[in-house]
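J.: 6 is the number of the first residue of the sequence shown in this note's numbering; add one for each residue after it.
The structure under discussion is supplied below as structure tokens; questions concerning it will follow.
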Amino acid sequence: MYRYDIAVIGTGYVGLTTGACLSSLGHRVLCADVDARKVEQLSRGEVRILEPGLAELVREGLAAGRLGFVLGAANAVRDADVVFLCVPTPMGEGGAADLAAVESVVEEVRDLLPPGCVLVNKSTVPVGTAERVAELIGRPDVSVVSNPEFLREGSAVHDFLNPDRIVVGAQSPAAAERVAALYARLGAPTVLTDAASAELVKYAANCFLATKLSYVNAMAELCERVGANIGDVTEGMGYDRRIGQAFLQPGPGWGGSCLPKDTQALLQVAESVGFDFTLLRATTDSNARQRERMVDKIAHACVGPHGSLRGVRLGLLGLTFKAGTNDLRDSPALAVATLLREQGAELVAYDPALSVHQAELTEVVRLLDEPYAVAEGAAGLVLLTEWPEFRALDWGRMANLLAGRVVVDTRNHLDPDVLSRAGLSWHGLGNQPVV
Ligand code: UGA
Numbered sequence: 006m007y008r009y010d011i012a013v014i015g016t017g018y019v020g021l022t023t024g025a026c027l028s029s030l031g032h033r034v035l036c037a038d039v040d041a042r043k044v045e046q047l048s049r050g051e052v053r054i055l056e057p058g059l060a061e062l063v064r065e066g067l068a069a070g071r072l073g074f075v076l077g078a079a080n081a082v083r084d085a086d087v088v089f090l091c092v093p094t095p096m097g098e099g100g101a102a103d104l105a106a107v108e109s110v111v112e113e114v115r116d117l118l119p120p121g122c123v124l125v126n127k128s129t130v131p132v133g134t135a136e137r138v139a140e141l142i143g144r145p146d147v148s149v150v151s152n153p154e155f156l157r158e159g160s161a162v163h164d165f166l167n168p169d170r171i172v173v174g175a176q177s178p179a180a181a182e183r184v185a186a187l188y189a190r191l192g193a194p195t196v197l198t199d200a201a202s203a204e205l206v207k208y209a210a211n212c213f214l215a216t217k218l219s220y221v222n223a224m225a226e227l228c229e230r231v232g233a234n235i236g237d238v239t240e241g242m243g244y245d246r247r248i249g250q251a252f253l254q255p256g257p258g259w260g261g262s263c264l265p266k267d268t269q270a271l272l273q274v275a276e277s278v279g280f281d282f283t284l285l286r287a288t289t290d291s292n293a294r295q296r297e298r299m300v301d302k303i304a305h306a307c308v309g310p311h312g313s314l315r316g317v318r319l320g321l322l323g324l325t326f327k328a329g330t331n332d333l334r335d336s337p338a339l340a341v342a343t344l345l346r347e348q349g350a351e352l353v354a355y356d357p358a359l360s361v362h363q364a365e366l367t368e369v370v371r372l373l374d375e376p377y378a379v380a381e382g383a384a385g386l387v388l389l390t391e392w393p394e395f396r397a398l399d400w401g402r403m404a405n406l407l408a409g410r411v412v413v414d415t416r417n418h419l420d421p422d423v424l425s426r427a428g429l430s431w432h433g434l435g436n437q438p439v440v
């Protein structure tokens, strides 16, 4: 039996990526989860999360004896020098992060942690959580460290192994340095700070990204009103190194398991200390409006300014919150679909990452197993998620199948010239005057 020096509690996409990547850096990592089936599957090298490179790293780690999986946190921590908490912190009451999972793990392992152990919080948690966890543990020999992750779903392994930065915050500089040393091989800039600042970096970054996107989506709307082109506007902005080209793509609103939850949580944090964060509230309000604006745009393009969507068949391309993932959590695509359904539209959809048996969707859409079937007889097609393969569709064939020759592209993802040659009318964001 090997001795594992790192324990990772929680094998969601953050925990599993952390465990597998740390093991690929040469550390011996034992991962724990409360789900026995998941633990069994992972122990056999079966990875159910769609995350490029992750399954390979898990299998390599298992084969090399540097990675293991056990049921329950208690079974993982007894020998660990460092314990990573990677459990979910979903949106709780009033938008605040729900810390129940963090607290229950802390209770469970409190008396089992070896002397001198470092407990690292990787879950996104409100400012002050490290302090609270330290209180809950109540052991002066155990240090609590905040080490937020900045992994994007769909490129988590790449992001872990090529980080823009490592952020580590703790009351004890020695504990912070011990955690930072685990990443030394990655050669990334490292910010060593106090726990509250480290906790805030994560929210500050995600909320800034959300604000950037709400700004771009608003700018796209303005472009339509003044007759400008958002693609050219963002390209022109993005060459300014202080702005950068990344994260400037307009869309149906931002979503996923992180940005919506983290913006709400930071609003709560602000409120709890009497700070009126109007800028961030405008960011989230404008994101909610963006989804409604997409529905108006779709209705306008497919049935005209005064028409009704009742009984109108629409084909949807993409439902996941972004391309490269099978995650539907807070998906703007699904939110737009739900609003269309509420207006009576008949929806069929294709998403390369979803199976037609995805039961939770049946109230909203009927999933089909290929994109051409979605076009058949539809009054219009709506692209909601930017899967690369949608660009490569046979658009002549799509045009022949459609009843209405309209494509609403809520991601500006398709080539308008290709669609126009196929006899389709393309409606993007921020590049055509509103009529
Ligand atoms: C986000 C952050 O990007 C990560 O840095 C962070 O670690 C992660 O949350 C987290 O907190 O765990 P993720 O939720 O995977 O990552 O998704 P993003 O790639 O950031 O996309 C978020 C949303 O913005 C998606 O709906 C996406 O379609 C949208 N988006 C993104 C745009 O509409 N335009 C863009 O240019 C970029």
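All C-beta atoms, glycine included, are put in the ideal place defined by N, C-alpha and C.
1) Can you tell me whether Phe282 is helix, strand or coil according to DSSP?
2) To the nearest angstrom, how far is the alpha carbon of Trp400 from that of Val111?
3) Going by DSSP, what residue range makes up the alpha helix (DSSP H) through Glu347?
4) Return the chain-ordered ranges of every alpha helix (DSSP H) run that is complete within the region 12–100 and spans a minimum of 4 residues.
5) Roughly how many angstroms lie between the CA atoms of Asn167 and Asn417, to the nearest whole one?
6) Does DSSP put Met6 in a helix, in a strand, or in coil?
7) Using the Cα positions of Asn436 and Leu389, report the straight-line distance between them to the nearest angstrom.
8) May I have the straight-line CA-CA distance separating Glu375 from Ala404, to the nearest angstrom?
9) Mind checking which residues open and close the alpha helix (DSSP H) that includes Asn405?
10) Spatial neighbours of Cys36 within its chain, please: C-beta separation below 6 Å, excluding the five flanking residues on both sides.
11) Starting from Leu388, follow the beta strand (DSSP E) in both directions and report where the run begins and ends.
12) Where Thr94 and Asp103 are concerned, what is the direct C-alpha to C-alpha distance, given to the nearest angstrom?
13) Taking C-beta to C-beta, are Val130 and Val107 nearer than 8 Å?
14) I need the straight-line Cα distance from Thr22 to Ala306, nearest angstrom please.
15) Three or more C-beta pairs under 8 Å: does that hold for the region 203–222 against the region 147–158?
16) DSSP three-state label for His311, please.
17) So for Leu214, helix, strand or coil by DSSP?
18) Closer than 8 Å by C-beta to Cys26: which residues in its own chain qualify, once you throw out the five before and the five after it? Chain order, please.
19) Is it right to say Arg33 is buried, meaning 16 or more other beta carbons lie within 10 angstroms of its own, or is it exposed?
20) If you run the structure through DSSP and keep just helix, strand and coil, what is Ser148?
21) Could you check what DSSP says for Val132 in three-state terms: helix, strand or coil?
22) Could you please give me the residues that DSSP links to Ala354 through a beta bridge?
23) Quick check on the burial criterion: 16 or more other C-beta atoms within 10 angstroms. Buried or exposed for Thr325?
24) So, Ala384 versus Gly409, is the Cβ gap smaller than 8 Å?
25) So what does DSSP say about Asp169, is it helix, strand or coil?
26) Would you say the region 287–306 touches the region 331–351, given that touching needs at least three Cβ pairs under 8 Å?
27) Can you tell me which of the three DSSP states Ala161 falls into?
28) Within the region 174–225, note down every full alpha helix (DSSP H) run reaching 4 residues or more, in order along the chain.
29) Considering only residues of the same chain and omitting the five flanking positions on each side of Ala225, which have a CB-CB separation below 6 Å?
30) Which residues mark the beginning and the end of the alpha helix (DSSP H) in which Leu424 is found?
31) Give me the Cβ distance between Glu56 and Gly159, rounded to the nearest whole Å; I'm assuming they're in contact under 8 Å.
32) Could you check the C-alpha separation between Arg83 and Ala251 for me, to the nearest Å?
T.: Quick look at the numbers:
1) Three-state DSSP puts Phe282 in coil, outside helix and strand.
2) Roughly 55 Å separates the two Cα atoms.
3) Membership of Glu347 in the alpha helix (DSSP H) is indicated by the continuous run 337–347.
4) Entirely contained in the region 12–100, the alpha helix (DSSP H) runs reaching 4 residues are, in chain order, 18–29, 41–48, 59–69, 79–82.
5) In this structure, the alpha-carbon of Asn167 lies about 28 Å from that of Asn417.
6) The pLDDT assigned to Met6 is 46, lower than 50, so where the model puts this residue is not dependable; a value taken from the coordinates is nonetheless given after this. Residue state, collapsed to three classes: coil.
7) Cα to Cα, Asn436 sits roughly 17 Å from Leu389.
8) Straight-line Cα distance between these residues: approximately 15 Å.
9) Counting along the chain, the alpha helix (DSSP H) containing Asn405 begins and ends at 400–406.
10) Cβ within range, chain order: Val13, Thr16, Gly24, Phe74.
11) From DSSP, the beta strand (DSSP E) with Leu388 extends over 385–388.
12) Thr94 and Asp103: Cα-Cα distance of roughly 5 Å.
13) Yes; because the gap between Cβ atoms is below 8 Å, this pair is in contact.
14) If you take the alpha carbons of Thr22 and Ala306, they lie about 42 Å apart.
15) Touching, per the Cβ criterion.
16) Here His311 carries a coil assignment [DSSP, helix/strand/coil].
17) The answer is helix: DSSP assigns Leu214 an H, G or I state.
18) For Cys26, same chain residues with a beta-carbon under 8 Å away, outside a window of 5 residues either side, are Leu62, Val162, Phe165, Leu166 in chain order.
19) Answer is buried; the Cβ neighbour count reaches 16.
20) DSSP, reduced to helix, strand and coil, places Ser148 within a strand of the structure shown.
21) Note: Val132 maps to coil in three-state DSSP.
22) Partner(s): Leu321, Leu372.
23) With 16 or more Cβ atoms within 10 Å of its Cβ, Thr325 is classed as buried.
24) With contacts defined as CB atoms closer than 8 Å, Ala384 and Gly409 qualify as a contacting pair.
25) Coil, per DSSP.
26) Counting C-beta pairs with one atom in each stretch, the region 287–306 and the region 331–351 have three or more that are closer than 8 Å, which means they touch.
27) Three-state result, Ala161: helix.
28) The qualifying runs are 178–187.
29) Contacts found: Ile235, Pro255, Leu434, Gly435.
30) Run containing Leu424: 421–426, per the alpha helix (DSSP H) assignment.
31) About 7 Å separates the CB atoms of Glu56 and Gly159; that is less than 8 Å, so the two are in contact.
32) In a straight line, the C-alpha of Arg83 is about 43 Å away from that of Ala251.
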